[in-house]
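Chemist: Structure below; questions to follow.
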Amino acid sequence: MTAVITPRPEPVRPDSPYRSYVYAYPHKSAYRPFSHPSPSTTRDGEPPAPVPRSGPLLSDLWRGEDVGALSLYTHIPFCEMRCGFCNLFTRSTPPAEQVSAYLDALERQADTVAASLPEGAAFARAALGGGTPTYLTADELTRVYDLTERALGVDLAAIPVSVETSPATATPERLAVLAERGATRLSIGVQSFLDSEAHAAGRPQKRAEVDRALAAIREHTRAGLNVDLIYGIDRQDARTWAYSLDTALEWEPEEVYLYPLYVRPLTGLGRRARDWDDHRLGLYRQGRDHLRERGYEQVSMRMFRRADAPEAVGPDYCCQTDGMVGLGCGARSYTSTTHYSFDYAVGVGQVRSIIADFVSRDGAGLSRAEVGFRLDGGERRRRHVLQSLLRTEGLDAAAYAERFAARPESDFPDEFAALAGRGWLVREEGAARVRLTEEGIAHSDAIGPMFFSPDVVALMADYEAR
Ligand SMILES: C[S@@+](CC[C@H](N)C(=O)[O-])C[C@H]1O[C@@H](n2cnc3c(N)ncnc32)[C@H](O)[C@@H]1O
Ligand code: SF4
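Residue 771 is where the sequence shown starts when you use my numbering, and the numbers rise one by one after that.
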């Protein structure tokens, strides 16, 4: 997964196309400690007492699960800087001792998780995300590969592996490790090829470093390249946006992700929310058309893939149903009924204390799921719809019927009627496939939240109110 973005809570216009980036359902802000209902405040308004460590054992959660094609996500919560727009779970420039303590804890966790998975667990794909995994030195990256392969018995060179990197950290030595270990996709955040725009978004970036990093990726690896760009930055316009898109395309990236900016630029505070929405929507349409005219296929609102790029080779994996094993204190894990993680925060102080807590744990202290969300049948249906409908290929009604013995439109009549009413829905092949129209895809971040359950909406609102 390239990005784990949490839009900072800010008032959003009810008809804004930019309500919430739904990359996973439910969002982590709907997770709660498992065995303790957690009020955000006590009756007298005092903060609640700390919740004692408890929760189901991982071995109990994974018992009986289909583990033949798992996905592995390893989270490295460190960066060389803290970008003003970014709300990911990460801390900048940690002390070197904390990085090695983190890798020690990762190793204890990997052993504990491996012992908790049923016989026959196999991984079909893996990702190293962050933060910035290449904040780690070449030796530390080698250690992450070694510990994961040893503990989980996975050959990472034999499956598709995606790694996130940044301009300052994509150095030849680190890239050499990733190339040697067979990374198949490298994703780099560029945001803008104009330093002034990157700075305006809150990222102190130098263009020379971006160029050096892209050249190094192409020279030292054969991995597919993904470039992240952001639109909606203050003073970004059609001309500067086209410049960033064209400059990215000079590197012939296999993928390009176009992210609408989700944290209001400071200098743009005086602008009306509607103007900013219109700014983003205009740049979105321009970016989409620009890439399509140059041989890229749109996969979702954010993702574009070069039409002639080779498909990732690896065992079959179906993100709708297959499980995910997360390692690291910011990673999520999914069984068929339970989503869980270590703990969750965005604020600097909380992120630091969660990392400190993680590195202090022994293996037994990492053997339980502490924070998470249990998905009942209704929530699983919502998740399935979200994961299909927000992609251009849409929702396969037969696959849905096979899984849930129902038609999606019977399960969600109001939502589908509302989409059809806006002209955002197409039914193909006698309703065998339901797809969003081009305008529907443009409004993905407004459509996603329509499918959130009332429980999830309440939990997320309660989290944001804290
Ligand atoms: C893990 S980072 C990419 C790797 C690396 N850390 C870097 O920044 O170069 C994930 C991506 O999410 C996007 N992103 C993060 N926060 C965002 C926000 N508030 N609005 C729009 N895009 C955002 C950025 O494009 C960023 O490159
Ligand atoms: S380097 Fe990447 S992950 Fe780190 S703060 Fe910046 S955008 Fe976020």
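Backbone N, C-alpha and C fix where the C-beta goes; we use that ideal spot for every residue, glycine too.
Can you tell me whether C1088 is buried or exposed? The criterion is at least 16 other CB atoms within 10 Å of its CB, across all chains shown.
Modeler: Taking the sequence shown and counting its residues from 1, one reaches residue 1088 at position 318. It is exposed - the Cβ of C1088 has fewer than 16 other Cβ atoms within 10 Å.
Chemist: Taking only heavy atoms of ligand 2 into account, decide whether any of them is closer than 6 Å to the Cβ of L898.
Modeler: Stepping through the sequence shown from its first residue, residue 898 is reached at position 128. Not so, every heavy atom of ligand 2 lies at least 6 Å from the Cβ.
Chemist: Mind checking which residues open and close the alpha helix (DSSP H) that includes Q975?
Modeler: As a first step, residue 975 is located in the sequence shown; it is residue number 205 there, counting from the start. Looking at the DSSP string, Q975 is not in any alpha helix (DSSP H), and its letter there is neither H nor E.
Chemist: Taking the straight line between their C-alpha atoms, what separation do you get for P1224 and Y793?
Modeler: Here residue 1224 refers to the residue found at position 454 of the sequence shown. Here residue 793 refers to the residue found at position 23 of the sequence shown. Taking the straight line from one Cα to the other gives about 19 Å.
Chemist: Tell whether a beta-carbon distance below 7 Å holds between D1181 and R1151.
Modeler: Here residue 1181 refers to the residue found at position 411 when the sequence shown is read from its first residue. Here residue 1151 refers to the residue found at position 381 when the sequence shown is read from its first residue. Yes, the pair counts as a contact, with Cβ atoms nearer than the cut-off.
Chemist: What do you get for D909, buried or exposed, if any count of 16 or more other CB atoms within 10 angstroms of its CB means buried?
Modeler: Start at 1 with the first residue of the sequence shown, and residue 909 comes out as number 139. Label assigned to D909: exposed.
Chemist: Alpha helix (DSSP H) containing V869: first to last residue?
Modeler: For the purposes of this step, residue 869 is taken as the residue at position 99 of the sequence shown. That run of the alpha helix (DSSP H) goes 866-886.
Chemist: How would you write the range of the alpha helix (DSSP H) that Y915 sits in, first residue to last?
Modeler: For this step, residue 915 is matched to residue 145 along the sequence shown. Per DSSP, Y915 belongs to the alpha helix (DSSP H) from 908-922.
Chemist: Tell me, please, which residues DSSP counts as bridged to S1111.
Modeler: Your numbering for residue 1111 matches position 341 in the sequence shown. BP columns for S1111 point to R1102, V1141.
Chemist: Which value, in whole angstroms, describes the spacing of the CA atoms of P779 and V1116?
Modeler: As a first step, residue 779 must be located in the sequence shown, where it is residue number 9. As a first step, residue 1116 must be located in the sequence shown, where it is residue number 346. Unreliable placement is indicated for P779, whose pLDDT of 43 sits below 50; no coordinate value is reported for it.
Chemist: Under a three-way DSSP split, which group does S1123 fall into?
Modeler: As a first step, residue 1123 is located in the sequence shown; it is residue number 353 there, counting from the start. In the structure shown, S1123 sits in a helix (DSSP, three-state: H, G or I).
Chemist: Return the first residue and the last residue of the beta strand (DSSP E) that F1074 is part of.
Modeler: Here the question's residue 1074 lines up with position 304 in the sequence shown. Where F1074 is concerned, the enclosing beta strand (DSSP E) stretches over 1073-1076.
Chemist: For ligand 1, is there a heavy atom less than 6 Å away from the beta-carbon of D998?
Modeler: The residue labelled residue 998 in the question sits at position 228 within the sequence shown. Yes, since a heavy atom of ligand 1 falls inside the 6 Å radius drawn around the Cβ of D998.
Chemist: To which residues of the same chain is R733 closer than 7 Å at the C-beta, ignoring the five residues directly before and after it?
Modeler: Here the chain has residues from 771 to 1236 only, and residue 733 is not among them.
Chemist: So for E889, helix, strand or coil by DSSP?
Modeler: On the sequence shown, position 119 is the one that residue 889 refers to. Three-state result, E889: coil.
Chemist: Return helix, strand or coil for M851, following the three-state DSSP convention.
Modeler: If you number the sequence shown from 1, residue 851 lands on position 81. DSSP places M851 in coil when its eight states are reduced to three.
Chemist: Just how far apart, CA to CA, sit E985 and A978?
Modeler: Your numbering for residue 985 matches position 215 in the sequence shown. Your numbering for residue 978 matches position 208 in the sequence shown. Correcting the residue type first, residue 985 is Ala in the shown sequence and not Glu. When rounded, the distance between both Cα atoms is 11 Å.
Chemist: Roughly how many angstroms lie between the CA atoms of H990 and P942, to the nearest whole one?
Modeler: What you label residue 990 is simply residue 220 of the sequence shown in a count that begins at 1. What you label residue 942 is simply residue 172 of the sequence shown in a count that begins at 1. Straight-line Cα distance between these residues: approximately 7 Å.
Chemist: Quick one: Cα of T939 to Cα of R1203, how far?
Modeler: On the sequence shown, residue 939 is found 169 positions in, with the first residue counted as 1. On the sequence shown, residue 1203 is found 433 positions in, with the first residue counted as 1. Each residue's Cα considered, the two are about 43 Å apart.
Chemist: Is there at least one non-hydrogen atom of ligand 1 closer than 6 Å to the beta-carbon of F1174?
Modeler: The sequence position of residue 1174 within the sequence shown is 404, counting from 1. No, Cβ of F1174 sits at least 6 Å from all heavy atoms of ligand 1.
Chemist: Would you report the Cα separation of A1082 and R802, rounded to the nearest angstrom?
Modeler: Within the sequence shown, numbered from 1, the residue matching residue 1082 stands at position 312. Within the sequence shown, numbered from 1, the residue matching residue 802 stands at position 32. Computed Cα separation, rounded: 35 Å.
Chemist: Is the beta carbon of L1160 closer than 7 Å to that of S1214?
Modeler: As a working note, residue 1214 is residue 444 in the sequence shown. As a working note, residue 1160 is residue 390 in the sequence shown. Result yes, Cβ atoms of S1214 and L1160 sit closer than 7 Å.
Chemist: For V947, does the count of other Cβ atoms within 10 angstroms reach 16, so buried, or fall short, so exposed?
Modeler: Indexing the sequence shown from 1 puts residue 947 at position 177. V947 is buried by the Cβ-count criterion.
Chemist: Are there any heavy atoms of ligand 1 lying less than 6 Å away from the beta-carbon of V869, as far as the coordinates show?
Modeler: As a position in the sequence shown, residue 869 is number 99, starting the count at 1. The answer is no for V869.
Chemist: Among residues of its own chain, excluding the 5 on either side of R813, which ones have a beta-carbon nearer than 8 Å to its beta-carbon?
Modeler: If you number the sequence shown from 1, residue 813 lands on position 43. Any answer about R813 is weak, because its pLDDT of 48 lies below 50 and its placement is not dependable; what the coordinates show is given next. Excluding residues within five positions, none has a Cβ falling inside 8 Å.
Chemist: Count the CB pairs spanning the region 1048-1061 and the region 1089-1100 that are closer than 8 Å, and state whether there are at least three.
Modeler: With a cut-off of 8 Å, the region 1089-1100 and the region 1048-1061 do not count as touching, because too few Cβ pairs lie within range.
Chemist: Kindly indicate which three-state DSSP category L1165 falls into: helix, strand or coil?
Modeler: In the sequence shown, residue 1165 corresponds to position 395, counting from 1. DSSP places L1165 in strand when its eight states are reduced to three.
Chemist: Can you tell me the Cα-Cα spacing of A1216 and R789, whole angstroms?
Modeler: Start at 1 with the first residue of the sequence shown, and residue 1216 comes out as number 446. Start at 1 with the first residue of the sequence shown, and residue 789 comes out as number 19. Their Cα atoms are separated by approximately 5 Å.
Chemist: Residues in the same chain with beta-carbon distance under 8 Å from A1175, minus the five sequence neighbours each way, listed in chain order, please.
Modeler: Here the question's residue 1175 lines up with position 405 in the sequence shown. The answer is none, since no qualifying residue turns up.
Chemist: Let me check one thing: in DSSP terms, what residues is V1116 bridge-paired to?
Modeler: Numbered from 1 along the sequence shown, position 346 holds the residue referred to as residue 1116. Paired residue(s): none; V1116 is not in a bridge.
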